[in-house]
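Here's the structure we're looking at; comments come further down.
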């Protein structure tokens with residue numbers, strides 16, 4: 561398939577449109593599902609953590625011991641969401657007491673972003689809309705392995721501060737599975753669009769292919785070529801236009817052929833009609849010519865030039881009629897070329913002299929340049945070229961003959 565073919569371009573356009581649509585739809589679907597999954601998991605964890613902070617940490621004494629904090633942290637970690645908990649409290653002597661699950665000793669205060677810690681410990685001003693000096697804050701983070709986590713923190717007024725760490729790896733795996741599914745769906749959509757584009761291109765290009773075949777047949781001279789038209793779309797209208805054009809061309813060629821046939825018939829009839837009286841005139845001129853050649857002239861010297869002119873012009877007229885009849889037979893396909901070795905310069909001179917163009921034509925040709933051709937056919941061609949030059953360009957007309965190293969002879973008119 562050529563890179564510039566219309567079929568390939570249609571397939572590429574379909575593929576690009578389908579790819580753009582599929583990627584856009586998949587991206588939107590992934591983003592919406594991602595937000596829904598993460599928001600649902602996040603809301604459940606934060607709600608559970610907030611309830612645990614109020615029920616467990618809020619029930620601790622004002623100065624809890626290490627055991628009190630550890631027991632509360634263990635109970636909070638055993639909640640339905642199974643998150644890791646750090647509880648911190650300040651002892652009367654200023655020491656910071658920290659407690660967390662023994663099995664998850666990897667969760668330390670360093671895992672909590674500094675900005676989150678500052679926000680949790682920042683006391684808010686009490687207002688009618690804000691009944692608590694402290695609020696719950698959360699943030700999503702990613703560790704060095706790329707695992708997403710949810711970190712949250714809250715402080716109980718007059719009590720300990722709690723931090724929670726919850727892995728979002730299950731949700732991330734679900735989202736990865738969704739991404740793979742959307743990717744596969746996009747690839748399948750791309751393949752389907754390519755197949756659909758191929759089918760559409762075949763449907764669209766089939767009339768174009770038929771139109772190309774019909775155009776080639778029309779160029780080969782088969783003027784009766786027509787296309788079968790069905791439908792009302794643009795391609796059907798193009799086929800109708802082709803049929804109308806082909807019909808008009810066939811009619812025009814038929815009219816031209818008819819006129820050409822009538823013209824050939826007229827020329828043939830005229831040649832035959834001229835030949836009958838010309839035969840009689842030629843016989844008389846032959847008698848006059850014999851009288852002119854006789855030693856004892858029987859022609860009045862006063863009219864001898866006129867008689868010689870009549871003889872010469874009659875012979876010239878006879879040659880013209882013969883050439884005209886021969887050309888008519890050539891056009892009708894009933895004559896064959898009679899080839900002979902012809903001196904080109906002599907043939908041009910004879911053509912010009914027969915039509916009384918000697919005063920209007922300049923000949924630039926060397927003697928001895930010969931070619932094997934039909935003299936009568938060459939005479940007609942030369943007469944046509946020189947006559948058109950005299951008619952449209954005026955005299956003098958210069959006729960030049962050049963010899964070149966080529967297998968064919970070329971007659972080429974030039975304007976000066």
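Numbering (my numbering), first residue to last: 561 to 976. The C-beta atom is built at its ideal place from N, Cα and C for all residues, glycine as well. Bear in mind that the values here come from a model prediction, so they are computed numbers and not experimental data.
Compare the C-alpha of residue i against each of the options and name the closest.
| i | options | result |
| --- | --- | --- |
| residue 615 | 787, 566, 633, 596 | 633 |
| residue 926 | 915, 960, 949 | 960 |
| residue 677 | 715, 650, 702 | 715 |
| residue 914 | 946, 670, 802 | 946 |
| residue 684 | 656, 717, 838 | 717 |
| residue 705 | 888, 732, 723 | 732 |
| residue 646 | 655, 825, 666 | 666 |
| residue 671 | 866, 709, 952 | 709 |
| residue 682 | 828, 669, 697 | 697 |
| residue 964 | 950, 931, 941 | 931 |
| residue 586 | 802, 789, 743, 897 | 743 |
| residue 598 | 734, 656, 613 | 734 |
| residue 789 | 802, 778, 837, 909 | 802 |
| residue 768 | 649, 751, 795 | 795 |
| residue 911 | 888, 944, 897, 588 | 944 |
| residue 780 | 806, 582, 936, 826 | 806 |
By the DSSP assignment, the alpha helix (DSSP H) with residue i in it spans what residues?
| i | result |
| --- | --- |
| residue 722 | Segment 721 to 727 is the beta strand (DSSP E) holding residue 722; no alpha helix (DSSP H) there. |
| residue 780 | Segment: none, residue 780 is in no alpha helix (DSSP H) and carries neither H nor E. |
| residue 909 | 904 to 914 |
| residue 637 | 626 to 637 |
| residue 675 | 674 to 681 |
Could you tell me which residues DSSP puts in a beta bridge with residue i?
| i | result |
| --- | --- |
| residue 648 | 658, 721 |
| residue 590 | Note: residue 590 sits in no beta bridge, so no partner. |
| residue 711 | 699, 725 |
| residue 930 | 903 |
My guess is that residue i and residue j are in contact by the Cβ rule of under 8 Å, so how many angstroms apart are they, rounded?
| i | j | result |
| --- | --- | --- |
| residue 903 | residue 929 | 7 Å |
| residue 641 | residue 659 | About 19 Å separates the two Cβ atoms, so there is no contact after all. |
| residue 934 | residue 884 | About 15 Å separates the two Cβ atoms, so there is no contact after all. |
| residue 639 | residue 603 | At roughly 15 Å, the Cβ-Cβ gap does not stay under 8 Å, so residue 639 and residue 603 are not in contact. |
| residue 831 | residue 881 | 6 Å |
| residue 673 | residue 701 | 7 Å |
| residue 617 | residue 713 | Wrong, their Cβ atoms sit about 12 Å apart, outside the cutoff. |
| residue 810 | residue 783 | 4 Å |
| residue 770 | residue 787 | 6 Å |
| residue 680 | residue 699 | At roughly 11 Å, the Cβ-Cβ gap does not stay under 8 Å, so residue 680 and residue 699 are not in contact. |
| residue 908 | residue 942 | 6 Å |
Determine the extent of the beta strand (DSSP E) in which residue i is found, giving its start and end residues.
| i | result |
| --- | --- |
| residue 956 | Element bounds for residue 956: n/a, residue is neither H nor E. |
| residue 703 | No beta strand (DSSP E) contains residue 703, which DSSP labels as neither H nor E. |
| residue 922 | 921 to 924 |
Can you tell me whether residue i sits near the ligand HEM, meaning its C-beta is under 8 Å from at least one heavy atom of the ligand?
| i | result |
| --- | --- |
| residue 807 | Ligands displayed in this structure: none; no statement on the ligand HEM is therefore possible. |
**Asked** Counting Cβ pairs closer than 8 Å, one from the region 741 to 761 and one from the region 625 to 639, do we hit at least three?
**Response** no
**contact_flag[the region 773 to 780, the region 734 to 752] where n(CB pairs < 8 Å) is 3 or more** = Counting Cβ pairs under 8 Å, fewer than three are found: no touch.
**Prompt:** Is the region 729 to 742 touching the region 591 to 605 in the sense that three or more CB pairs, one from each, lie closer than 8 Å?
**Reply:** yes
**Asked** Between the region 863 to 879 and the region 841 to 850, do three or more beta carbon pairs fall short of 8 Å?
**Response** yes
**Asked** Does the region 911 to 919 come close enough to the region 944 to 960 to have 3 or more Cβ pairs within less than 8 Å?
**Response** Touching, yes, given that three or more Cβ pairs across the two stretches are closer than 8 Å.
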